[in-house]
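Listed in order, the protein sequences are those of chains A and B.
For the first sequence, counting from 1, position 306 maps to 1117 in the working numbering; every step adds exactly one.
For the second sequence, counting from 1, position 293 maps to 1104 in the working numbering; every step adds exactly one.
Backbone N, C-alpha and C fix where the C-beta goes; we use that ideal spot for every residue, glycine too.
For clarity, every value in this text was computed on a predicted model and none was experimentally measured.
2 protein chains.
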Amino acid sequence: MTDKKTDLPDRAQLMLRSLIDRYVRDGQPVGSRTLARELGMDLSPATIRNVMSDLEALGFISSPHTSAGRVPTVQGYRFFVDTLLTVQPLDSHSIEKMRLELSLKATPKNLVESASGLLSGITHMAGVVTLPSHAHALFKRVEFLALSESRVLAILVTGEDEVQNRMLKTDKKLSASELQQASNYLNAMFAGKDLTEVRATLLREMQETRSTMNSMMLTAMRMADQVLESNQDEDYVMAGQTNLMEFQELCDIDKLRKLFDAFNQKRDILHLLDQCIHSQGIQIFIGEESGYQMLDECSMVTAPYSVDGKVMGVVGVIGPTRMAYNRVIPIVDATARLLGAALNHK
Amino acid sequence: MTDKKTDLPDRAQLMLRSLIDRYVRDGQPVGSRTLARELGMDLSPATIRNVMSDLEALGFISSPHTSAGRVPTVQGYRFFVDTLLTVQPLDSHSIEKMRLELSLKATPKNLVESASGLLSGITHMAGVVTLPSHAHALFKRVEFLALSESRVLAILVTGEDEVQNRMLKTDKKLSASELQQASNYLNAMFAGKDLTEVRATLLREMQETRSTMNSMMLTAMRMADQVLESNQDEDYVMAGQTNLMEFQELCDIDKLRKLFDAFNQKRDILHLLDQCIHSQGIQIFIGEESGYQMLDECSMVTAPYSVDGKVMGVVGVIGPTRMAYNRVIPIVDATARLLGAALNHK
DNA sequence: ATTTGGCACTCCCTGCGGAAGAGTGCCAGC
DNA sequence: GCTGGCACTCTTCCGCAGGGAGTGCCAAAT
Chain A
812 MTDKKTDLPD RAQLMLRSLI DRYVRDGQPV GSRTLARELG MDLSPATIRN VMSDLEALGF
872 ISSPHTSAGR VPTVQGYRFF VDTLLTVQPL DSHSIEKMRL ELSLKATPKN LVESASGLLS
932 GITHMAGVVT LPSHAHALFK RVEFLALSES RVLAILVTGE DEVQNRMLKT DKKLSASELQ
992 QASNYLNAMF AGKDLTEVRA TLLREMQETR STMNSMMLTA MRMADQVLES NQDEDYVMAG
1052 QTNLMEFQEL CDIDKLRKLF DAFNQKRDIL HLLDQCIHSQ GIQIFIGEES GYQMLDECSM
1112 VTAPYSVDGK VMGVVGVIGP TRMAYNRVIP IVDATARLLG AALNHK
Chain B
812 MTDKKTDLPD RAQLMLRSLI DRYVRDGQPV GSRTLARELG MDLSPATIRN VMSDLEALGF
872 ISSPHTSAGR VPTVQGYRFF VDTLLTVQPL DSHSIEKMRL ELSLKATPKN LVESASGLLS
932 GITHMAGVVT LPSHAHALFK RVEFLALSES RVLAILVTGE DEVQNRMLKT DKKLSASELQ
992 QASNYLNAMF AGKDLTEVRA TLLREMQETR STMNSMMLTA MRMADQVLES NQDEDYVMAG
1052 QTNLMEFQEL CDIDKLRKLF DAFNQKRDIL HLLDQCIHSQ GIQIFIGEES GYQMLDECSM
1112 VTAPYSVDGK VMGVVGVIGP TRMAYNRVIP IVDATARLLG AALNHK
């Protein structure tokens, strides 16, 4: 009986799965004798060898050298996670512990740090969580403070009493009452609306009704535009990077350095996380699949987290390609849910 | 002719210096023949050996094993930096380049990041710079914004238009005009004063004149007290940590991990930097001198930076014990000066 | 009193060879 | 289609010897 989709006999699939399980467990190439015992289905090593030979031909496994066992290839892992993997949901006890831990945090930033810490703590790998996007936060109010001749401090308060500061440059000095007028105007107009919506409305209004606007309104809108302009809140929090040093597949100083450089640079990692944000559900990059050389020996398991059905960011785990995917996936999944929930009713 | 202070013959001092120079240069234990050539003063290896023997007895050098050369001990380095070292100031060309780089940065945070980057870039080790202390910043103004029933956002503007947000809890709801009154009162009273002074005055006033205060004043003072309370701005910015991976004395994964954990934790490093902040001028911890195990094979060279004669923080370099102190010291020194200057006329 | 050459000694590093172990591929027989 | 047997390949792990670097000590020279 063969699986038509993959054309890979059931038995071979079982064996691939066993081999990966075993390899993930102790990191040694798996030989036919070991696998025979592991499988427990009363086959001789010779039989196993035949099938292994097929699996190797298909590119799912390979052997480091003639007389070593077999090791899964990237494609092997890919097939494994795509069609062989069975994950059982995380036990409710662990989930409760995580929920508790998160419930103690007050600010989004703290929550994100905590989530990242949880991920790294539980998986013993590196945890990464992007800061929640402000793109869909609700505009609550804005206030302006004149600091000097041409500098105005804008304070933007969004949905959950998140506060952001922006420094604006103005052409001329604006009086306190002018600023007050401007903020009153904006607050009346936009309170409760979505930030991206606010921005869109703003741009439209400035185009369409420019002529009929009085100068105060125009000033107000220009300032609001400046405030919303630089809303690229792309950043992430990482925890447990040093956990990665423990894995012997990464103990090469050179690889380690490239990896840590990338973590510090943030750019490439952000780019990857960005790709994950719109994939509904778990996303996995295995080894070179990421397209980044420093992650060649690593895998990344991510899940987007959302509040009110709106995707706010992504949580993830970075570890060696040889990781226990079936253990990591539910952890990442649960963390994403819990973080979303914690951000919500806060 | 002997140096009375140290009781170490001139020639021995010269030799120690040469040995350290050489060892720093290529990392190999230095033997008597090598040192003879290095010294260039026409002494036979046998003579050198005799003196080396003395230096070893004094604890300045040691040999990893019988038939290797000699290596400086921590005490050797200590003697070297304390009494043997001659540093020439950094050439003006490099200084100009650094000044230029710093001049492009606008905010203190950017300046600090840039300084840290410069340190690591030039020395090829890790650069670390603490954020400028706000303790002696000038109070410029404070504004309050009611966010909800019992939560008030305080915006504190200090000297150079630095802005800090604080979230306050209040017993009862305060109206916008009440908040306005409070901030007016505080701004009139404290504008232009030193933050620590403000705090001190605040506490004194609240003790002495409590009975004669009206409730508005009291509320204002309570809030101001909350704002200034949590002014512990202890943090640092680090750059080039990964440079440390290149040194073979640190290529031990375990040591590396402890080191990077400490960098992430920040606590211990901050504690060390704190010790340096009050030492007028360059401070150096060599190897175990720091008292922290993860820094056993490392040295730290620091210098405080100040604005208007007030010490604001410290810049430093962390690298292997085997570092070119005479090269690093002027770099750290110059960076401290330049950072102070850049923070000043900004 | 210092400096020096000589010499024996110690220790590390390298390369070599052989034995053990693990695993494979192939083949013939069931 | 499965299995046992067998020859073969590779890695890993010693043990061992030789070369090299450096030391300490001593007796002779300056």
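Exposed or buried, residue i, counting other C-beta atoms within 10 Å across all chains shown (16 or more means buried)?
i	result
Glu954 of chain B	buried
Arg1133 of chain B	buried
Lys815 of chain A	For Lys815 of chain A, the predicted model reports a pLDDT of 44, less than 50, meaning its position is unreliable; a value from the coordinates is still stated below. So Lys815 of chain A ends up on the exposed side.
Pro943 of chain B	buried
Thr813 of chain B	Because Thr813 of chain B carries a pLDDT of 41, less than 50, the predicted location of this residue cannot be relied on, and the following value inherits that uncertainty. Exposed, by the Cβ-count rule.
Ser986 of chain B	exposed
Ser927 of chain A	buried
Ser994 of chain A	buried
Asp818 of chain B	exposed
Leu915 of chain A	exposed
Leu911 of chain B	exposed
Glu907 of chain B	exposed
Pro900 of chain B	exposed
Met1028 of chain A	buried
Met1032 of chain A	buried
Ser925 of chain A	buried
Leu1014 of chain A	exposed
Thr897 of chain A	exposed
His1156 of chain A	exposed
Ser843 of chain A	buried
Glu1019 of chain B	exposed
Ser1117 of chain A	buried
Glu960 of chain B	exposed
Ala917 of chain A	exposed
Ile966 of chain A	buried
Ser829 of chain B	buried
Asn861 of chain A	exposed
In the DSSP assignment, what residue or residues form a beta bridge with residue i?
i	result
Pro1115 of chain A	A:Val1125
Ile1095 of chain B	B:Val1112
Gln975 of chain B	B:Leu967
Leu949 of chain B	B:Asp1005
Phe955 of chain A	A:Ala965
Thr941 of chain B	B:Tyr1047
Pro1131 of chain B	B:Cys1109
Lys980 of chain B	B:Arg962
Which chain A residues sit within Cβ distance under 7 angstroms of residue i?
i	result
Glu954 of chain B	Leu956
Counting only Cβ pairs nearer than 9 angstroms, list the residues of chain A close to residue i.
i	result
Val974 of chain B	Leu956, Leu958, Leu964, Ile966, Asn976 and Met978
What residues from chain B crowd round residue i, counting only those whose CB sits closer than 7 angstroms?
i	result
Leu1067 of chain A	Met1056
Asp1072 of chain A	Thr1053
Can you name the residues of chain B whose CB is closer than 8 angstroms to the CB of residue i?
i	result
Cys1062 of chain A	Ile1064
Exercise for the section: May I have a chain-ordered list of the beta strand (DSSP E) segments no shorter than 3 residues that lie completely inside the region 828–915 of chain A? Expected result: none
Problem - 4 or more residues per run - each alpha helix (DSSP H) lying fully within the region 987–1050 of chain B - result: 987–1001, 1006–1019 and 1026–1040
Handout entry: Unbroken stretches of the alpha helix (DSSP H), 4 residues or longer, contained in the region 1059–1088 of chain A
Key = 1064–1076 and 1078–1088
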